[in-house]
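**Q** Before we start, here is the structure in question, set down as structure tokens.
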Amino acid sequence: MTLLLSRRRPSDDQPLDPQDQQQDSGRTWRIVAIVAGIVGVLLAVAVPLLPVQQEQASFSWPQGGRATSVTSPLVSYSPVSVDAAIPCVAAAGLTARGGYLLATVPPASGQAWHYGLNVLVSSTEAGSRLQVVLRDKTLIDTAVADLAHDCRVVVASTGARTAVEISGSEPVVIEGDFRPQVVGIFTDLAGEVPAGMRTDVEIDSRFTTSPTVLKLIAIIGVLIAAALALFALHRLDCLDGRGNRRVLPHRWWRPRWVDGVVVGTLVLWYLIGAGTADDGYILGMARTAGHAGYLANYFAYFGVPETPIGIPYDLVIGWLAQISTASIVVRLPELIFGIVCWFLISREVVPRLGIAARNEKAAIWAGGLALLAFWLPYNNGLRPEPAVALGVLLTWVSMERALATRRLAPAAMALIPAALAVVTNPAGVICFAALLAGARPLVQIIVERARRVGYLALLAPAVAVGVSILAIVFIGQPISEVTAMSDAHSVVGPNMPWYDETFVYQSLFQVGPDGSMARRFAMLLLFLTLAVSVLALLRHGGRIPGLAAGPTRRILGTTIATIPLMALSPTKFTHHFGVFAGLAGAVAVVAAVAAGPRVVRSPRNRALFAAVVTAVLALAFTSSNSWWYVAAYGIPWWDKPISVKGISAGTALLVVAIFLLAYAGWLHIREPFRSAEHRSHRRIPVLTIAVGLVVAFEVASFIKAGIDQYPAYSLAKSNFSALGGQTCALANEVLVEPDPDAGMLQPLSGDRATALGAEVDGFTPNGVNTNDLVPDASDAAAASVGQSLGSAGTTTESGSTADSGLGGSSPHGINGSTIALPFGLDPAATPVLGSYGSPGVTKTLVSGWYRLPAPDSSASRGQILAIAAAGRIATTDLDGLPVTGQNVQVEYGSTNGAEVQPLGRITPDDVSVLQPSWRNLRVPLQQLPPPADVVRITATVDSSDAEQWVAVTPPRVPELRTLDELVGHTRPVLMDWLVGLQFPCQQPMRHRYGVAEIPEYRILPEFSAAIMTSNWQSHASGGPLGYTELVTRTEVLPSYLKDDWKRNWGEIHRLVPFDPTATPAVIDTVTVERSARWTPGPLNFGIR
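Following my numbering from start to finish, the sequence shown increments by one per residue and tops out at 1112.
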């Protein structure tokens, strides 16, 4: 028996049967896939539900034992709670003059009663009265004389109720959320604090959270389990006995001419081309996230986080900004994404589509150029659409690899870019289209493989990989923050339903940056290529000759499905169309084959296709060559439809399209009479040529702009300067006049009060129409942004009206004027004369002569001559076209003893878009001849129309500093969201524990854009203006764009505290472990 058994047992050195080895390995990896997959899923789902560490912030007042004001602008506007106790004896110190015992908003702001809590003593004829006023509601109003000596006023306000009482009397209770806005505690008391006086403010710092140890362990577990499950799925795939395919085949590294053109254009555009409108928005969020401890929506929505949207993408930008805030650094991911998209199209999509796609050069070129047609106008900035465009392409490619190899690991990996795209931007939902397109053949593979290893081993790893993204987006945030984010967006808006998707297409067909020629053409190209491809597919029985049926249908199905999926995005802006970039390149390849000689052999059909392509060009070229903000500098046709010598390019192209249509009709009629040997075999790749021409036009526009603008600012100059180490961009080009009075010229004879009006007829010290100081373009600019503001509403104010001389009056000036002067000009030293209100048709002014500064050692007298002026003044715009108005000129001359010899006159440059508001006329001093050493102002109003008036002040030669020199790199600055990328060296005001810094300056974009940014950042939107405007007043500083003097670049405001004695409050924090569902209550949206 023993011998028999030993004879049947294999020897120790005999190898196991390979099939047995494979079965044992399969069992092992099956168990690993199941266990790791389930663990990964459970841990990933648990991560958002695990507790976090929250930094609970609060402050108490008085601080330091003395009654001094403190500032604490709350990002959420209202605190969690306010509790105040004020002894009645404190009112005794204010009975004589009245004043505030306590106010949560500075009374000097004029908004203290509207938004804040106020405890004050008011002086009346009947005697002093103690009042408690909360958000325009007077809760207590009693005579100070009737108060008991030992009484106290007690205020307790929470999100549920507010109660106010004077000890010994019935409390006044208001049910509901009437919490005040808090930007600090301000008082008129001085000296020692009365005993028992105290205010406690619990700050809403719910978003300042970090992971607990348990949560960190779970996150690490998720990543390990998902990686292990994916590897186990790969090992199960290997049971098919076939070798592994290279991740990047050899063809990836074989260069072609088209690669050089596409990649070269992307790199060139990266250096000279336009970004997007939201670059400053995203950079502002990213730059302040590290200090805040979370990624806040910095410019609106009460500072709520965007969880789960934007976390990995925006944080990458924040990490790059720590290396350098220069545009060429923080935008680097977009360049990489664009290049990778092209390599995926040319190395993965094209080979997968079939032999015709691989062999027809026109098709490959069409794909590359179509990618560029989208990338250039949509994806060169910091917006997340490039990441989504890459994500959907990676998802499709991974799915195709799964179907081609009949393996499931590539399909599971497709969930990674899809999940990342979804949390990067809501438009990332389009990645599900790529997953669904390959779902049917993938299910067949799963069913087949499940017979061997079971469904759980195949599906658990894929689910684990897909949900592992939760560990990233909720790394430091609990699930409760999603509710706060959703509520804020719903209340403030825009939060548009799916059926309003038509708005985005309406914007696409408006003249302006959102509907520019480049953006419009890209989308029309997508629709054209889709239509051609689908028609060819249907006409040829579901298979385009030369193309693989399955991949072609799936790329077309994916692209078609993405269009309705985009309707799920809650915002409707054309910049979302950038997500189509990669798919558009792939579809263009299919369309080029479908319209190429392999498929379309009829000359008639080729002519019809050419007519349609030309019609698309015609429709695109009816728009302007518009780009956002500084990208438009020097661009031809930046503000008008493209035309040449009055002939519209769109109309000319439409005529060509009609001609081609007629030619197709002629070919149709002639076709039966032509013999085969006489038929032309010449083929013109119309689609490729058309797309190439548009791309070339866009690139040429920016090359021209860079050349024409030099040495003035342009994107090209800025980015090439950054390569040389000068990274401060527009801050080095904007010249600021910190003290306008310092540059005032001295009259040659007489005094300042009389020199301006040496010879006048119809000009008076009060001849300014204070009701006509808003730019004429205000209403149109406000209307153009109304749709984008949701429930916030619109205003025609750009934020510059507070100190620009808009209405109002001032004490009698040096020449008796009571008109409020702009730009901080001192009325005691600056006369003003205007023609408004004077009878008659003709009014004239000739000032006395003013002496120019003597040349310095470099023979320079300064850079410009400036005149603060208002009214409608004749000038020329940026394109040299005349702007109608009244005549204002600068006459220059030379002195010879006591005599002045006039040498000539010059019309000063004017920022015409700001008419009739106060602005600075300017004359570059280099335009004056060297002998000129004196100047004077001449003005003529030749109209009885009340709107045709002019007002001027004396000339100045400003003492200018660059914005970068003035503001520096450490002072907190409120940079409107449109300008952030152009001022990368300036420090954005930060926030921490729910409390914001008080900025010293604000930088705004040009006038019409400032209306948009001011509305978005307003109090109604829950933005930073909602608290900065309550603690500071605005001084508009005169500023100019160097060597581009007519340009309305924007504005810089100096922000002066209403209470300069107030100091930042000392914030107390305590770390508390919070449940993932914990919330201190709803945000106070009613304060809006």
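Even glycine gets a Cβ: it sits at the ideal position worked out from N, Cα and C.
Smallest Cα separation from L252: which of I62, L549, V516 and F231?
**A** The shortest C-alpha separation from L252 is found at I62.
**Q** Between the alpha carbons of A109 and V143, how many angstroms are there, rounded?
**A** Spanning the two alpha carbons is a distance of roughly 10 Å.
**Q** Thinking C-alpha only, which one of I888, G1047, K385 and L67 is nearest G517?
**A** Ranking I888, G1047, K385 and L67 by Cα distance to G517 puts G1047 first.
**Q** Relative to the C-alpha of A656, which candidate in Q913, V924, V718 and A1033 has its C-alpha closest?
**A** Ranking the options by Cα distance to A656, first place goes to A1033.
**Q** Do you know whose CA, among R543, L990 and T712, lies nearest G299's CA?
**A** Comparing Cα positions, the closest option is R543.
**Q** Three-state secondary structure (DSSP) at T312?
**A** Here T312 sits in helix by DSSP.
**Q** By a C-beta neighbour count over all protein chains shown, 10 Å radius and 16 as the cutoff for buried, is L554 buried or exposed?
**A** Buried, because 16 or more other Cβ atoms sit within 10 Å of the Cβ of L554.
**Q** Which of the three DSSP states is assigned to H564 in this structure?
**A** It is coil, neither helix nor strand.
**Q** Beta carbon of L163: closer than 7 Å to some heavy atom of the ligand SAM?
**A** You won't find the ligand SAM in this model; it holds no ligand whatsoever.
**Q** For V179, tell me which candidate among A172, R230, G215 and A127 has the shortest Cα-Cα distance.
**A** For the residues A172, R230, G215 and A127, the minimum Cα distance to V179 belongs to A127.
**Q** Could you compute how far the alpha carbon of T289 sits from the alpha carbon of A724?
**A** Their backbone Cα atoms lie some 11 Å apart in a straight line.
**Q** By Cβ distance, which residues of its chain are closer than 8 Å to E216, with the 5 residues on each side in sequence left out?
**A** Same-chain partners within the cutoff: G89, R90 and A91.
**Q** Skipping 5 residues on each side, what residues in its chain have a beta carbon closer than 7 Å to that of G817?
**A** Only weak support is given to the placement of G817: the predicted model assigns it a pLDDT of 44, under 50, and the value that follows is read from those uncertain coordinates. Hits under 7 Å: A1044.
**Q** Within 10 angstroms of the Cβ of A214, are there 16 or more other Cβ atoms? Answer buried if so, exposed if not.
**A** Under this definition A214 is an exposed residue.
**Q** May I ask you to report which of helix, strand or coil DSSP gives D302?
**A** The answer is coil: DSSP assigns D302 none of H, G, I, E or B.
**Q** Who are the Cβ neighbours of D303 in its own chain at under 6 Å, not counting the five residues just before and after it?
**A** The answer, listed in chain order, is G405, L406 and L1005.
**Q** For the structure I just gave you, are there three or more beta carbon pairs, one from the segment 555-562 and one from the segment 363-376, closer than 8 Å?
**A** The segment 555-562 is not in contact with the segment 363-376.
**Q** Give the DSSP bridge partners of W85, in chain order.
**A** W85 pairs with T223.
**Q** Checking 8 Å against the spacing of the C-beta atoms, do V974 and I1076 come in under that value?
**A** Contact: no.
**Q** Can you name the start and end residues of the alpha helix (DSSP H) that E1059 belongs to?
**A** That residue, E1059, is in no alpha helix (DSSP H); its beta strand (DSSP E) goes T1056 to L1061.
**Q** Quick one, are the C-beta atoms of G872 and P1008 less than 8 Å apart?
**A** Cβ atoms of G872 and P1008: not closer than 8 Å.
**Q** Whose C-alpha, out of Q155, A458, E330 and S650, is nearest the C-alpha of Q534?
**A** Comparing Cα-Cα distances from Q534 to each of Q155, A458, E330 and S650, the minimum goes to S650.
**Q** Taking M1036 as part of the alpha helix (DSSP H), name the residues at either end of that continuous run.
**A** Here the alpha helix (DSSP H) through M1036 covers F1031 to W1040.
**Q** Rounded to whole angstroms, what is the Cα-Cα separation between M999 and F323?
**A** Computed Cα separation, rounded: 10 Å.
**Q** Between F1031 and R1057, is the Cβ-Cβ spacing less than 8 Å?
**A** No.
**Q** Ignoring anything shorter than 4 residues, give me the alpha helix (DSSP H) runs that lie fully in the segment 636-714, in order along the chain.
**A** As far as the segment 636-714 is concerned, its whole alpha helix (DSSP H) runs of at least 4 residues are 673-694.
**Q** May I ask you to verify whether the segment 630-642 touches the segment 676-684, counting CB pairs closer than 8 Å and requiring at least 3?
**A** As far as the Cβ criterion goes, the segment 630-642 touches the segment 676-684, which means the pair count is three or higher.
**Q** What three-state label does DSSP hand F533 in the structure shown?
**A** In the structure shown, F533 sits in coil (DSSP, three-state: anything other than H, G, I, E or B).
**Q** Round the Cβ separation of R473 and E424 to the nearest angstrom and send it over; I've been treating them as touching at under 8 Å.
**A** Not a contact, Cβ separation roughly 18 Å.
**Q** Using 8 Å as the cut-off, can you tell me whether the segment 335-350 makes contact with the segment 502-509, which would need three or more C-beta pairs spanning the two stretches below that distance?
**A** Counting Cβ pairs under 8 Å, fewer than three are found: no touch.
**Q** What whole-angstrom Cβ distance do A1089 and Q87 have, given they're in contact under 8 Å?
**A** So it is a contact: roughly 7 Å between Cβ atoms.
**Q** Applying the 10 Å Cβ sphere with the 16-neighbour rule, what's the burial state of F697?
**A** Answer is exposed; the Cβ neighbour count stays below 16.
**Q** May I ask you to report which of helix, strand or coil DSSP gives N321?
**A** Three-state DSSP puts N321 in coil, outside helix and strand.
**Q** Could you tell me if Q950 is buried or exposed, where buried requires 16 or more neighbouring beta carbons within 10 angstroms of its beta carbon?
**A** Its Cβ having fewer than 16 others within 10 Å, Q950 is exposed.
**Q** Mapping the DSSP letters down to three states, classify P465 as helix, strand or coil.
**A** P465: helix per DSSP, three-state reduction.
**Q** Between F398 and A673, how many whole angstroms is the CB-CB distance? I'm expecting something under 8 Å.
**A** Contact flag wrong, Cβ pair sits at about 21 Å.
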